[in-house]
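Note that the working numbering gives residue 225 to position 147 of the sequence shown, counting from 1, and the numbers run on in steps of one.
By construction, the Cβ of each residue, glycine as well, lies at the ideal position given by its N, Cα and C atoms.
These numbers were taken from a predicted model, which means no experiment stands behind them.
Inspection log for the structure reproduced underneath, given as structure tokens.
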Amino acid sequence: MNFTRWSARLPGTQRRAAARTETGGSPVQRGDSVPAARAERLTQTFPDGVDGLPARAVLDSIPALVALVHGPDHRIAYVNDAYTTAFGPRPTGAPAREALPELAEVGLLPLMDQVLRSARPRTVKSRKAPGGRSYTFTCTPVTLPLGGPAADARDGGVLVFAADVTDHAEAAERLRASERSQRETAVTLQRSLLPQELEQPDDLRIAATYQPGGTDAAVGGDWYDVITLGGGRTALVIGDVMGRGVRAAAVMGQLRTAVRAYARLDLPPHEVLQLLDGLAAEIDASQIATCAYAVHDPNEGSLAYASAGHLPILVRDENGTIHRADEPTGPPLGTGGWLHTSGSVPLGPGSTAVLYTDGLVERRSEDIDEGVAALERALAGATGTPQVVCDRLIRALGVTADHDDDVAVLVLQQPARTGADAELFRNAALELLGGVEAAPRARAFATGVLASWRFPPDLLDLGVLAASELVANSLQHGTPPMRLRLRRTDRRLIIEVTDGDDHLPRRRRAEPVDESGRGIAIVATIASNWGSRRTPGGGKAVWCEFALPRA
């Protein structure tokens, strides 16, 4: 056997530039390996050695583990000193399954069978052996020309070379553990910043789903929220910070908190995004975010919205037709220099709307418009409660536990109420025409409507008083056109007065000598909640709510 040919296959061993010629010598000298029975004569078999060293001395000096086996049973022909030090002495001629249990434990025997059959080397990386050390095993085929065909398995052998990679394996495991810890921290932060329980408005049924990316992906900054504005109106938000890890989750938390604060001002959607745009640049100029902000008003039967670089809201009406709210869409938050605008999409009884992040529809192998089209098809056939619709959309779009991106989905439904349920949701409105005589007409109208809705006397009296004070305040400080609107749901009575003046009232302490300034204070005292907002066409709306007693 020529050792230079054999050594060329050893990992970490470089073929000598002056390789010895293979011509001449005995058949044993021209072979690639030796059987187990002749292992003890390795020194005599390779008299030329390498640089004057015998083969056994070379192998025994290698710090890696070396074992030579032959035949279909992988009988031991030789193990070097490093192997003996690691696992103890091994009897020559014994089959590997019995004499080399450490190789069987790391699953190397099937690989050695494969190497023997295919005559191709194979490597397995970082396998932990008995004793806790980790090795990378390389199995290299060698030929034993003992008179039979070269491909005969009885004449074949396998050289097992094991390099100790324990330090590398432990370092890699520490790195993986650190990454897992960081990801768990980010996921915990992300989930803690999301609403733990969604607000459920009177007129809508809402559900949401958040799924972080797979274990190999850093968590992102997806978020959603539902904010009850009062007066029967509801704000819905969904956004995505374009970053990964704890920093993205922290920025998301700041934006979500800011959205809730701005929403309390009851501003139009585009004004909320305008405020968020400036804040996002102050939080972190290197990170931008997309966001869609929508407001549902049951009196209007529509969803007013504005979008900062976010994907379009999808609405399925009561007939099953899908509407895509494409425009208007501005650039993402944090870019600055853009005036956002609001749009609207119908949302009547029996309709379902879906707000979502790009993880639901974006795939590396296809255009994102194809993903949105697939979501439209899935929404067209997704029926049931909002939570059922969420789950069906997730499944239909192929989102699994190992999905490579975060996914947030927010589904809202405007139920189509009939029968006794419809009796709990009523509306009535009165145009306030004329001068001071409009106040008694408003009181008479409120008394008649609330009596027909079968409110108890104490709640009826409070409702009439609140309507009278709001109308009087509008007549004194507002301008036409004026309207009184009464609305009841299954949970509350809502009284709202609108006029053409955009000056918002505020609660103040009236002095004993003041002739005005007590109306809003009275309303705030007797009502469960009150507020005001500017209306899109100019003017304002002032409202108050009374919680209905539970049945």
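Here's a check: name, in chain order, each residue in its chain whose Cβ is nearer than 7 Å to the Cβ of Leu189, leaving out the five neighbours to either side.
Contacts found: Arg200, Val202, Cys217.
To the nearest angstrom, how far is it from the Cα of Ile472 to the Cα of Thr461?
Answer to the nearest angstrom: the Cα atoms are 13 Å apart.
Just to confirm before moving on: does the CB-CB distance between Arg601 and Val575 stay below 7 Å?
Checking the sequence shown, residue 601 turns out to be Val, not Arg. For Val601 and Val575, no; Cβs fall outside 7 Å.
Express the C-alpha separation of Val350 and Gly609 in angstroms, rounding to a whole number.
Their backbone Cα atoms lie some 17 Å apart in a straight line.
Where does Thr576 sit, in a helix, a strand or coil, going by DSSP?
Reduced to three states, the DSSP call for Thr576 is strand.
Could you round the C-beta distance between Asp281 and Gln492 to whole angstroms and report it? I think they count as a contact, below 8 Å.
That belief holds up - the Cβ atoms of Asp281 and Gln492 are roughly 7 Å apart, short of 8 Å.
Please classify Thr101 as buried or exposed, where buried requires at least 16 other C-beta atoms within 10 Å of its C-beta.
With a pLDDT of only 38 at Thr101, under 50, the local geometry of the prediction cannot be trusted, and the value read off the model is given with reservation. The residue is exposed, with fewer than 16 neighbouring Cβ atoms inside 10 Å.
Out of Gly526, Ser546, Ala498, which has the shortest C-alpha to C-alpha gap to Glu515?
Among Gly526, Ser546, Ala498, the Cα nearest to that of Glu515 is on Ser546.
Residues in its own chain within less than 7 Å of Ser380 by CB, not counting five upstream and five downstream?
Cβ within range, chain order: Ser422, Val423, Pro424, Leu425.
Less than 7 Å separating the beta-carbons of Leu143 and Ala164?
The answer is yes: Cβ separation under 7 Å.
When the distance is taken between beta carbons, is Asp300 closer than 7 Å to Thr478?
No. Outside cutoff.
Please state the DSSP three-state secondary structure of Gln274.
In the structure shown, Gln274 sits in coil (DSSP, three-state: anything other than H, G, I, E or B).
Given 8 Å as the limit, is there contact between the segment 502-513 and the segment 314-330, that is, 3 or more CB pairs closer than that?
Touching, no, given that fewer than three Cβ pairs across the two stretches are closer than 8 Å.
Can you list, in chain order, the residues of its chain with a C-beta nearer than 6 Å to that of Arg456? Leave out the 5 residues immediately preceding and following it.
It should be pointed out that residue 456 corresponds to Ala in this sequence rather than to Arg. So the qualifying residues of the chain are Leu471, Ala474.
Count the other CB atoms, across all protein chains shown, that sit within 10 Å of the CB of Ile446; report buried if there are 16 or more and exposed otherwise.
Ile446 should be labelled exposed.
Looking only at DSSP bridge pairs, what is His374 linked to?
Paired residues: Thr312, Leu381.
By the three-class DSSP mapping on this structure, what secondary structure does Asp126 have?
The predicted model places Asp126 with a pLDDT of 47, which falls under 50 and marks its position as unreliable, so this point remains unresolved.
Just mark Ala363 as buried or exposed, buried being the case when its beta carbon has 16 or more other beta carbons within 10 Å.
Burial call: exposed.
Can you give, in chain order, each stretch of the beta strand (DSSP E) that sits fully within the segment 471-523 and has at least 3 residues?
Fully enclosed beta strand (DSSP E) runs of 3 or longer: 485-492, 504-509.
Could you say which of Asp159, Arg565, Glu509 lies nearest to Glu559 if we only look at CA atoms?
According to the sequence as given, residue 559 is Pro; it is not Glu. Taking only the C-alpha atoms, the option nearest Pro559 is Glu509.
Please report how far the alpha carbon of Asn158 lies from the alpha carbon of Ser196, in whole angstroms.
Those two C-alpha atoms are separated by around 25 Å.
Tell me which same chain residues have a C-beta within less than 6 Å of the C-beta of Pro427, skipping the five on either side of it?
Counting only Cβ-Cβ distances below 6 Å, and skipping sequence neighbours, we find Gln492, Ala494.
For the beta strand (DSSP E) containing Leu562, name the first residue and the last one.
Unbroken beta strand (DSSP E) run through Leu562: 561-566.
Where does Arg334 fall in DSSP's three states?
DSSP places Arg334 in helix when its eight states are reduced to three.
From the DSSP output, which residues share a beta bridge with Thr266?
Partner(s): none; Thr266 has no beta bridge.
Let me check understanding here. Comparing Cα to Cα, which of Ala431, Thr399, Gly387 lies closest to Gly414?
For Gly414, the nearest C-alpha among the options comes from Gly387.
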